[in-house]
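Novice:
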Amino acid sequence: MFNKKIKPQKMQKLKQINSSQDNEEISLERQTQINSIIRIMRESLDKLRISLILPQIFENFLTVQQRLRGSQYEMCIEWIKKYIQEKNMVAANNSPPYLNYHLIKIIDFFHENLQLFEYFQDFFNDLTTADKSLIDTFQLLLKITEDRLKKSAISELNKEKRIHEVYHENQSIQKNIKVFQNLLKSQRLNLKWKMAAKDGIIQKYEKDLATCKYENNIKIKQEIVRSSRLIGQIHASSVLKQKELEEELERIKISYEQLLKENLKQERTARDEKNKLLLQLQALIKKFDQTMGDKIKENMFLQEEYERQKKSFEEFLIEYNREELEYEQIVRAKEEEEKRQHEQKILLFMMNRSARVIQKHWRKFRRAQKKAAKRGKSRGKSKKK
1 MFNKKIKPQK MQKLKQINSS QDNEEISLER QTQINSIIRI MRESLDKLRI
51 SLILPQIFEN FLTVQQRLRG SQYEMCIEWI KKYIQEKNMV AANNSPPYLN
101 YHLIKIIDFF HENLQLFEYF QDFFNDLTTA DKSLIDTFQL LLKITEDRLK
151 KSAISELNKE KRIHEVYHEN QSIQKNIKVF QNLLKSQRLN LKWKMAAKDG
201 IIQKYEKDLA TCKYENNIKI KQEIVRSSRL IGQIHASSVL KQKELEEELE
251 RIKISYEQLL KENLKQERTA RDEKNKLLLQ LQALIKKFDQ TMGDKIKENM
301 FLQEEYERQK KSFEEFLIEY NREELEYEQI VRAKEEEEKR QHEQKILLFM
351 MNRSARVIQK HWRKFRRAQK KAAKRGKSRG KSKKK
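Residue numbers for the sequence shown follow UniProt numbering, beginning at 1 and rising by one.
1) Note down the Cα distance separating I135 from H164, rounded to an integer number of angstroms.
2) Closer than 8 Å is the cut-off here; do at least three beta carbon pairs connect the segment 121-130 with the segment 83-94?
3) Between the C-alpha atoms of N60 and F138, what's the straight-line distance to the nearest angstrom?
4) Whole-angstrom Cβ separation of I53 and F124, contact assumed at under 8 Å?
5) What are the complete alpha helix (DSSP H) segments, minimum 4 residues, inside the segment 30-85?
6) Looking at L284: is its Cβ nearer than 8 Å to the Cβ of N176?
7) With a cut-off of 8 Å, do at least 3 Cβ pairs link the segment 180-195 to the segment 268-275?
8) Does the Cβ of R367 have 16 or more other Cβ atoms within 10 Å, making it buried, or fewer, making it exposed?
9) For E43 versus L114, is the C-beta distance shorter than 8 Å?
10) Reducing DSSP to helix, strand and coil, say where T128 ends up.
11) Let me confirm a value: R308 is counted as buried when at least 16 other C-beta atoms fall within 10 Å, else exposed. Which label applies?
12) Compute the Euclidean distance between the alpha carbons of F201 and Y256, then round it to the nearest angstrom.
13) Check F301 in the structure and name its three-state DSSP category.
14) What are the start and end residues of the alpha helix (DSSP H) that includes K105?
15) Suppose you measure from the CA of I144 to the CA of G70; what does that come to, to the nearest Å?
16) Considering Cα atoms alone, identify which of A333, Q280, Y205 and S378 is closest to Q181.
17) Which residue spans inside the segment 126-210 form an unbroken beta strand (DSSP E) run of at least 3?
18) Quick one: residues in its chain with C-beta nearer than 7 Å to the C-beta of L260, no 5 flanking neighbours on either side, listed in chain order?
19) Going by beta carbon distance, what residues of the same chain come within less than 8 Å of L347, once the five residues before and after it are set aside?
20) List the whole-angstrom C-beta distance separating H111 from K47, where the pair is believed to meet the contact cut-off of C-beta under 8 Å.
21) Rounding to the nearest angstrom, what Cα-Cα distance links I77 and Y119 in this structure?
22) Quick one: using the 10 Å Cβ neighbour count with 16 as the cut-off for buried, is R322 buried or exposed?
23) Less than 7 Å between the CB of E215 and some heavy atom of the ligand NAD, yes or no?
24) Thinking C-alpha only, which one of A92, W362 and Q72 is nearest K198?
25) Let me know the secondary structure DSSP gives Q21 once reduced to three states.
26) Within 10 angstroms of its Cβ, does V64 collect 16 or more other Cβ (buried), or is it exposed?
27) Is it right to say residue 388 is buried, meaning 16 or more other beta carbons lie within 10 angstroms of its own, or is it exposed?
28) Can you tell me the Cα-Cα spacing of F288 and S354, whole angstroms?
29) By how many angstroms is the C-alpha of V357 removed from the C-alpha of Q369?
30) With distances taken from CA atoms, which of L45, G293, L278 and Q31 is nearest L140?
Right under this line is the structure:
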């Protein structure tokens, strides 16, 4: 009889009973801790109120004496009187301030007997705005603490889960912002290098053109001085050389104009891309600020949100649809990011291809220049002979 196995249903009931007993013990222990914390915070709030009205108590000694005379707190009247006398003596003698024993004793007495606040409630109305704001803040902190401590473990787990999701969304948005910032920085650096390369090419062309003109003028003057008899041949040669230089200059101008147009086009493209990235960055920052503001409000009024969610299943469906819409927005944002990366790769390919075309034209120009220089040297040698 005793060797028979216990049925699974009975085992499950026993487990449920043990679990409920454990939960009751945990809930009682938690309730005790919560009550202790709330009691300490309320005592701290009462001590703060007493501390803030102590200066008015010292300033209105006669009123304090009338209210406390004949009560169980009458002994503190003499302490306050001695403290005021010592304070006046120190002020009259211009003595340096020191730690007053009576003041410490008075503060401890008022903190130990918080019921004294009932005798001086009208002093509370004369507090400064900053002091009242401090008390209101402490009361709000006490209320928030009570609300948070009285919440169940399931609601806290759901809240932590939601905060964790918000944190991951925040991290994702921050990563996207960093990516956009790095991309914008790279675009600026590329544009800067392009402008520097364009200025260098323009200066090189201008320098080469000035050098060609200078060498041509020197050659013309030397030929005029050396051989006045061959002025016709020299003139024909000079005209031919001038024509070649003009053709070369025309080719250089055409190449320069094409390069300038290409650079201007790339600059416009980079500017448009920059403006687009700036708009996306501003939209993300605005969305981030709005989201964080909503989450802070949601944390402050979480109890009210919890009560609203309990009212009807239809409101839960509305919240679910809103979450689904946010998820679809995140998916669309990810697809747009992949599309933008693809467009960036295409732009990089176009830039590399443009650079190869420029290098090709530059090598062609250098070969033509070297050939022209060789022809000039060979003609000079033949004339000397």
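Note that beta-carbon positions come from the ideal geometry of N, C-alpha and C, so glycine has one too. Quick caveat, the model's predicted, so the values are computed rather than measured.
Specialist: The short version:
1) The alpha-carbon atoms of I135 and H164 are separated by roughly 33 Å.
2) With the rule of 3 Cβ pairs closer than 8 Å, the segment 121-130 does not count as touching the segment 83-94.
3) Cα to Cα, the separation comes out at about 26 Å.
4) Sure, about 6 Å apart at Cβ, within 8 Å.
5) As far as the segment 30-85 is concerned, its whole alpha helix (DSSP H) runs of at least 4 residues are 61-68.
6) Yes. Within cutoff.
7) Touching, yes, given that three or more Cβ pairs across the two stretches are closer than 8 Å.
8) The residue is exposed, with fewer than 16 neighbouring Cβ atoms inside 10 Å.
9) Result yes, Cβ atoms of E43 and L114 sit closer than 8 Å.
10) Residue state, collapsed to three classes: coil.
11) Taking every protein chain shown into account, the CB of R308 has fewer than 16 other CB atoms within 10 angstroms, so this residue is exposed.
12) A small correction: the amino acid at residue 201 is Ile; Phe does not occupy that position in the sequence shown. Roughly 9 Å between the two C-alpha positions.
13) If DSSP states are grouped into helix, strand and coil, F301 belongs with coil.
14) In the DSSP assignment, K105 falls within the alpha helix (DSSP H) that extends over Y101 to E112.
15) In this structure, the CA atom of I144 is about 40 Å from the CA atom of G70.
16) Taking each of A333, Q280, Y205 and S378 in turn and checking the Cα distance to Q181, the smallest one comes out for Q280.
17) The beta strand (DSSP E) runs of length 3 or more contained entirely in the segment 126-210 do not exist; there are none.
18) Once the five neighbours on either side are set aside, L260 has no close Cβ partner at all.
19) Excluding five sequence positions before and after L347, the CB atoms of its chain that fall closer than 8 Å to its own CB belong to T269 and E273, given in chain order.
20) Confirmed, Cβ separation roughly 5 Å.
21) Approximately 13 Å between the Cα atoms of the pair.
22) Here R322 is exposed. Its C-beta has fewer than 16 other C-beta atoms within 10 Å.
23) Ligands displayed in this structure: none; no statement on the ligand NAD is therefore possible.
24) It is W362 whose Cα lies nearest to the Cα of K198.
25) Bear in mind that a pLDDT of 46 at Q21, under 50, signals an unreliable position, so the number given afterwards is only what the model happens to contain. Secondary structure at Q21: helix, using DSSP grouped into helix, strand and coil.
26) It counts as buried.
27) A question about residue 388 goes unanswered here, because the residues of the chain that appear run from 1 up to 385.
28) The C-alpha of S354 is placed about 39 Å away from the C-alpha of F288.
29) C-alpha separation (whole angstroms): 18 Å.
30) Taking only the C-alpha atoms, the option nearest L140 is L45.
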